[in-house]
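Accompanying notes for the structure given below.
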């Protein structure tokens with residue numbers, strides 16, 4: 007602007023207004039000059055940050071978070087950990103960052119988040135044991151550690167990464183808005199600790215919120231409130247840059263491998279695949295020598311099924327997992343796979359006893375097995391884990407069953423070119439859909455999907471290539487040159503590796519984290 | 003039990019249960035305390051009141067004191083987890099003496115006997131000046147008072163200074179030059195009362211978060227932040243001035259130039275209460291907006307806007323911290339700030355003050371009572387009258403009172419290098435992480451005849467070099483007082499016993515005096531900190547920092563009381579210094595100083611093109627000796643990082659999270675994680691200084707303020723390379 011002393015501004019010039027909070031200060035000389043002698047000399051009493059009035063029908067509590075006030079000090083996170091005696095690696099409230107703009111007009115905004123006490127909580131909907139409840143009075147999403155069996159399915163379902171599995175306890179835990187304190191009329195620990203008074207508890211009318219949550223429930227770096235109708239109201243600064251990016255945008259790390267699930271899903275699919283193929287072969291005229299393969303396939307399935315509770319935090323309560331079959335795909339999977347195991351065992355007994363109508367039982371078992379694999383697939387079709395939430399998951403699981411089922415049956419003496427062709431065909435198809443899936447991930451606009459492809463093409467690249475090689479060798483070349491047992495070993499290794507990659511390469515939806523991410527990594 | 007846990011029958015229900023605590027309400031059972039001990043936070047100088055919750059003899063929780071006038075119940079994340087520092091794994095528990103290169107456990111008797119023998123031996127062999135003492139801002143005032151007497155009278159040591167020289171010495175020197183005395187004039191209440199809050203080189207959101215809480219209570223403020231980095235605090239500002247590094251003097255002079263030119267100064271105040279106006283007016287003529295804009299990189303509009311906002315404000319507050327102090331021009335920058343306040347008469351009124359926000363919890367205590375850079379009660383070494391008065395109070399010959407201050411901290415280090423100082427006693431500080439130009443310091447400490455490190459923690463990078471380690475009790479384990487930035491004296495109390503054989507520093511000082519045979523002379527009948535406090539009250543009586551009306555009971559009753567509090571004072575109110583315009587100078591007038599902007603010493607150059615800025619993060623305290631042990635803080639901020647602007651990163655082909663090496667003319671830091679961010683300007687990089695593992699002070703330079711001897715931490719020329727993968 008090139009001001010020279012000759013053109014020095016008159017003190018009343020409006021240009022002195024500052025960029026933010028400027029509305030009242032168009033002319034600072036007037037406004038700032040006003041005497042404020044009425045202000046008390048001692049700090050004012052704190053304003054209340056929880057509602058003073060009780061809830062009415064159709065209302066619930068919610069958090070209000072003021073992003074424009076938050077200074078990212080993480081007091082809330084520490085206070086929460088103290089209130090709930092959390093181990094140091096677990097946070098029920100986290101503080102993340104987004105940054106945008108360019109120097110010096112840059113904003114780094116902090117987001118503090120506990121549970122959003124959603125109106126359609128996906129943690130609750132997926133839970134196989136009904137450990138979650140939406141408190142009828144307060145609307146708080148509560149979790150019962152006593153009912154929880156520690157399957158961790160809620161961790162997959164929540165788009166905000168709110169429920170966290172506690173290794174020490176074997177159960178999940180989450181923010182309950184300090185329910186116990188609220189009932190006493192006390193501020194939750196986070197609200198109480200915040201030096202910026204950026205966190206508050208408010209009352210929300212449920213119906214009204216369902217209509218207009220969109221405008222105030224979303225924030226940069228946060229998954230859409232639409233997924234679960236999150237109830238947290240977020241106030242944002244008015245001058246936000248358009249290019250805000252998560253602070254952990256480039257810190258995408260492989261997820262937990264879930265080794266027991268890798269083994270369990272692969273062996274179950276192998277078992278069902280082999281069993282179904284053997285049953286199909288048994289329908290062909292002149293079929294013989296299939297019983298051994300059927301028994302072997304069943305044995306693998308049963309062993310895997312017996313071992314399955316071990317992946318739970320509380321194996322002894324595994325039986326509870328069937329409880330919510332009306333709502334949870336996890337419950338349904340367990341019901342269907344149990345039924346498969348039971349029916350397949352009956353079929354085997356019938357085969358052994360030479361009962362004629364065994365084929366019907368086998369067919370029934372096959373149907374249950376296929377339904378079981380379908381249910382398994384549906385477990386992974388969760389919106390909070392976008393890379394799993396596609397038709398490829400169903401394809402991958404089914405083709406694993408076909409590939410390994412064919413190779414297994416071949417290895418255990420089932421005759422026939424058909425099995426060789428089905429192994430080769432399924433492997434080729436698997437190869438195809440894995441490539442298509444990668445292209446889909448890589449070309450996506452969605453952060454989590456692209457980040458998945460980034461993981462697969464960088465950190466996990468050699469494992470991915472090895473997985474393809476094992477699939478080609480074990481599923482295509484070896485069966486054709488007639489080494490069934492070797493083919494099975496190689497094919498099994500390939501599928502185990504493939505499933506491992508399935509688990510570690512998914513990038514879950516979550517809030518923006520801080521630069522160092524949520525968890526301290528091993529050095 | 004393990005089987006029950008494995009099966010899922012046991013989910014540690016008891017550990018994760020809740021109770022209705024009578025004091026804090028519904029909370030985790032394990033955090034529900036049997037008793038609460040009122041105390042003051044031991045980290046920074048904000049001085050928050052808090053309680054330590056004790057259950058079965060262990061500190062299990064803390065909570066803010068809602069009645070404490072400083073924090074009204076709030077605490078920062080370090081304060082909220084402070085109890086974890088007490089049972090940290092690396093607490094020093096036993097005296098250790100080096101034998102054949104190995105530190106071995108010895109009795110206190112042997113340890114202190116050795117200390118006395120070695121110190122005396124060195125002093126006899128090389129002269130009394132061959133002993134140096136470097137203390138801290140972390141002890142209680144009673145300990146500082148005792149240590150001062152012990153050093154000067156007991157050990158006859160001339161060279162005694164503290165790590166406070168690394169943190170607020172420039173503020174002290176600046177206050178003295180402008181107002182005739184140390185002592186921050188304002189109060190935190192000013193943050194709530196001011197209409198304009200100008201923060202210079204102060205990132206309070208990271209470093210003093212509870213001051214943000216105080217600021218938050220002020221609905222009418224306009225906040226201006228001067229910082230080359232877009233800090234958390236800058237992002238909260240109404241107006242951020244992204245100045246070029248170390249151009250603050252030019253900016254402040256430019257503001258003063260505009261105020262004088264526009265006639266927006268308080269001529270009456272200037273005439274009645276200051277000296278040097280005409281010289282300053284003439285001097286400032288060259289600080290035209292054009293020139294200042296060129297030096298600072300700010301637009302002229304921004305400079306005008308700031309000047310007029312400040313000049314027209316009724317109650318403007320100027321706060322600063324390390325961005326100003328840690329500089330070769332730190333003292334003079336403080337003088338420039340004080341000039342602004344004096345020109346507009348903005349001192350000693352509600353809201354209006356030039357306010358140094360101090361660093362450590364009790365840096366103020368050592369400034370007032372410590373006898374390091376100044377004599378107790380702000381008495382001046384060079385004043386015969388002051389020396390006589392002190393000698394009289396103590397009943398000692400005046401010849402035993404030094405006539406000049408000894409060497410400052412950096413000069414003590416240099417004297418070690420020159421073999422002039424042969425024995426050193428380091429108390430509650432960790433120079434190997436906090437002192438600039440690591441290599442020189444390490445050489446100095448390794449070359450000593452005898453190094454004593456007295457600390458609550460061992461090993462630290464510094465204690466590892468010690469010949470003798472004395473284990474000290476820390477915050478939560480001992481009694482005394484802290485004085486915060488706003489001159490508020492708060493009580494510190496013991497909640498739990500110190501681990502092993504660790505002792506309060508106070509007891510150690512008394513025991514050392516006993517070994518030296520001077521206990522009854524210098525600490526007559528002293529047993530507890532209160533004995534020191536009572537004597538200190540007498541020594542401070544009638545001085546500017548008058549404690550004589552205080553007592554432990556009164557402090558506890560009001561949670562914290564500001565000095566001056568002369569005997570007979572009854573009202574406990576928020577106080578401001580210089581409300582009457584009478585300064586601590588011979589003629590009662592403040593001095594306006596003509597201070598010249600100069601480029602900082604190590605300018606970026608061809609091989610070292612970046613300016614390295616250093617600072618802090620909210621999760622950690624100083625050299626991380628304590629906070630590294632607090633698992634939740636360590637998890638949040640586990641290692642150092644280097645911030646670089648994307649434009650520079652692109653040019654260098656660097657990507658986010660790359661491991662980079664930072665190299666200065668002195669040394670290099672390897673494999674630091676790169677954070678590419680727009681919060682630093684192109685050409686500048688930033689790294690936190692907390693991490694011994696990636697120590698920024700390998701890179702910083704040994705350049706010091708000529709008045710305060712404070713190091714210039716904030717600008718070093720460096721280059722950045724991608725770390726070669728091994």
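Protein chains in written order, with the numbering used here: chain A, 7 to 529; chain B, 3 to 728. C-beta: ideal position from N, C-alpha, C; glycine also. Nothing here was measured: the structure is a model prediction, and the numbers come from that model.
**Q.** Local conformation of residue 592 of chain B per DSSP, three classes
**A.** Walking along the second chain from the start, residue 592 of chain B turns up at place 590. Strand, per DSSP.
Q.
Count Cβ pairs between the segment 116-134 of chain B and the segment 402-418 of chain B that sit closer than 8 Å; are there 3 or more?
A. yes
Q) What residues of chain A sit near residue 723 of chain B, judged by a beta carbon separation below 9 Å? A) The residue you call residue 723 of chain B lines up with position 721 of the second chain. For residue 723 of chain B, none of the residues of chain A pass the 9 Å Cβ criterion, the least Cβ distance being about 20 Å.
Q | Contacting residues, own chain, Cβ-Cβ under 6 Å from residue 241 of chain B (five flanking each side not counted) | A | Residue 241 of chain B sits at position 239 when you count from the first residue of the second chain. The beta carbon of residue 241 of chain B sits closer than 6 Å to the beta carbons of 226 from its chain, once the five residues preceding and following it are set aside; these are given in chain order.
**Q.** Nearest to residue 375 of chain B (by Cα), restricted to the options B/414, B/345, B/342 and B/338
**A.** The residue given as residue 375 of chain B occupies position 373 in the second chain. Checked all of B/414, B/345, B/342 and B/338; the closest Cα to residue 375 of chain B is B/414.
**Q.** From B/632, B/534 and B/685, residue whose alpha carbon lies closest to that of residue 607 of chain B
**A.** Here residue 607 of chain B refers to the residue found at position 605 when the second chain is read from its first residue. For the residues B/632, B/534 and B/685, the minimum Cα distance to residue 607 of chain B belongs to B/685.
Q) Hey, quick one: how far does the beta strand (DSSP E) through residue 138 of chain A stretch, first residue to last? A) Your numbering for residue 138 of chain A matches position 132 in the first chain. Residue 138 of chain A -> beta strand (DSSP E) spans 138-140.
Q: Would you list, in sequence order, the uninterrupted beta strand (DSSP E) runs of no fewer than 3 residues that lie entirely inside the segment 271-332 of chain B?
A: 318-322
Q: Name, going along the chain, the residues of the segment 315-331 of chain A whose beta-carbon falls closer than 8 Å to a beta-carbon of chain B.
A: Cβ contacts with chain B: 318, 319, 320, 321, 322 and 323.
Q: Could you work out which residue in B/598, B/104 and B/250 is closest to residue 282 of chain B when comparing CA atoms only?
A: Taking the first residue of the second chain as position 1, residue 282 of chain B is located at position 280. Closest by alpha carbon: B/598.
Q.
Mapping the DSSP letters down to three states, classify residue 490 of chain A as helix, strand or coil.
A. By one-based count along the first chain, residue 490 of chain A stands at place 484. Helix at residue 490 of chain A.
**Q.** Assigned secondary structure, residue 502 of chain A (DSSP; H/G/I helix, E/B strand, else coil)
**A.** Looking up residue 502 of chain A in the first chain gives position 496. Three-state result, residue 502 of chain A: helix.
**Q.** chain E contact residues for residue 643 of chain B, given Cβ-Cβ distances below 9 Å
**A.** Reference to chain E is not applicable here, since the protein chains of this structure are A and B.
Q) Of the residues that make up the segment 108-119 of chain A, which ones have a beta carbon closer than 7 Å to any beta carbon in chain B? A) 108, 109, 110, 112, 113 and 114
Q) In terms of alpha-carbon separation, which member of A/397, A/296 and A/375 lies closest to residue 357 of chain A? A) One-based indexing of the first chain puts residue 357 of chain A at position 351. When only C-alpha atoms are compared, the closest one is A/296.
Q: Please name the residue or residues paired with residue 438 of chain B in a DSSP beta bridge.
A: Against the second chain, residue 438 of chain B aligns to sequence position 436. DSSP output for residue 438 of chain B lists no bridge partner at all.
Q. Short check: CB of residue 201 of chain A to CB of residue 76 of chain B, under 7 Å?
A. In the first chain, the residue the question calls residue 201 of chain A occupies position 195. In the second chain, the residue the question calls residue 76 of chain B occupies position 74. Yes.
Q. Taking only runs of the beta strand (DSSP E) that begin and end inside the segment 180-219 of chain B, which ones reach a length of at least 3 residues, in chain order?
A. 198-202
Q) Using the beta-carbon of each residue, which ones in chain B are nearer than 7 Å to residue 141 of chain A? A) Walking along the first chain from the start, residue 141 of chain A turns up at place 135. In chain order: nothing, as chain B lies at least about 15 Å away.
(Q) I need the DSSP call for residue 517 of chain B, collapsed to helix, strand or coil. (A) As a working mapping, residue 517 of chain B is identified with position 515 in the second chain. Residue 517 of chain B falls in the helix class under three-state DSSP.
Q. The alpha helix (DSSP H) spanning residue 622 of chain B covers which residue range?
A. Position 620 of the second chain, counting from 1, holds the residue named residue 622 of chain B. Counting along the chain, residue 622 of chain B falls outside any alpha helix (DSSP H), and DSSP gives it neither H nor E.
Q) In terms of DSSP beta bridges, what is residue 695 of chain B paired with? A) Along the second chain, read from residue 1 onward, the residue named residue 695 of chain B stands at position 693. According to DSSP, which records beta bridges pairwise, residue 695 of chain B is partnered with nothing at all.
Q: Under 7 Å between beta-carbons, which chain A residues line up against residue 27 of chain B? List them in chain order, please.
A: The residue you call residue 27 of chain B lines up with position 25 of the second chain. Near residue 27 of chain B (Cβ distances below 7 Å), the residues of chain A are 187, 190 and 192.
Q | Minimum Cβ-Cβ distance from residue 32 of chain A to chain B less than 7 Å | A | Here residue 32 of chain A refers to the residue found at position 26 when the first chain is read from its first residue. Note that residue 32 of chain A scores 33 on pLDDT, short of 50, meaning its location in the model is unreliable and no value can be drawn from it.
Q | DSSP three-state assignment for residue 102 of chain B, whether helix, strand or coil | A | Translated into the one-based positions of the second chain, residue 102 of chain B becomes position 100. Residue state, collapsed to three classes: coil.
Q.
Please report whether the beta-carbon of residue 76 of chain A lies at a distance below 7 Å from any beta-carbon of chain B.
A. Here residue 76 of chain A refers to the residue found at position 70 when the first chain is read from its first residue. Not closer than 7 Å to any Cβ of chain B, the Cβ of residue 76 of chain A fails to qualify, so no.
Q) Going along chain B in order, which residues have a C-beta closer than 8 Å to the C-beta of residue 80 of chain A? A) On the first chain, residue 80 of chain A is found 74 positions in, with the first residue counted as 1. Per Cβ cutoff of 8 Å: 79, 620, 621 and 638.
(Q) Going by the DSSP bridge assignment, what does residue 46 of chain B pair with across the sheet? (A) For this step, residue 46 of chain B is matched to residue 44 along the second chain. B/362, per the DSSP bridge assignment.
Q: Compile a chain-ordered list of the residues in the segment 411-443 of chain A whose CB is closer than 8 Å to at least one CB of chain B.
A: none
(Q) If the criterion is Cβ atoms closer than 7 Å, does the pair residue 478 of chain A and residue 234 of chain B meet it? (A) Counting from 1 along the first chain, the entry for residue 478 of chain A is found at position 472. Counting from 1 along the second chain, the entry for residue 234 of chain B is found at position 232. The criterion of a C-beta distance shorter than 7 Å is not satisfied by residue 478 of chain A and residue 234 of chain B.
Q) On the three-state DSSP scale, how would you describe residue 558 of chain B? A) Residue 558 of chain B sits at position 556 when you count from the first residue of the second chain. Here residue 558 of chain B sits in helix by DSSP.
Q. Given that a residue counts as buried once 16 or more other Cβ atoms are within 10 Å of its Cβ, and exposed if not, what is residue 504 of chain B?
A. Translated into the one-based positions of the second chain, residue 504 of chain B becomes position 502. Here residue 504 of chain B is buried. Its C-beta has 16 or more other C-beta atoms within 10 Å.
Q | Residues that residue 321 of chain B contacts on chain A, provided the C-beta gap is smaller than 9 Å | A | Here residue 321 of chain B refers to the residue found at position 319 when the second chain is read from its first residue. The premise fails here: residue 321 of chain B is roughly 16 Å from chain A at the closest Cβ pair, so nothing lies under 9 Å.
Q: Could you check which residue in B/678, B/708 and B/259 has the C-alpha nearest to that of residue 105 of chain A?
A: The sequence position of residue 105 of chain A within the first chain is 99, counting from 1. When only C-alpha atoms are compared, the closest one is B/678.
Q.
List, in chain order, every chain A residue whose beta-carbon is nearer than 9 Å to that of residue 215 of chain B.
A. Locating residue 215 of chain B in the second chain gives position 213, where the first residue counts as 1. Under the 9 Å cutoff, chain A gives 200, 201, 202 and 203.
Q) Taking Cβ-Cβ distances shorter than 7 Å, what residues in chain B pair up with residue 174 of chain A? A) As a working mapping, residue 174 of chain A is identified with position 168 in the first chain. Per Cβ cutoff of 7 Å: 14.
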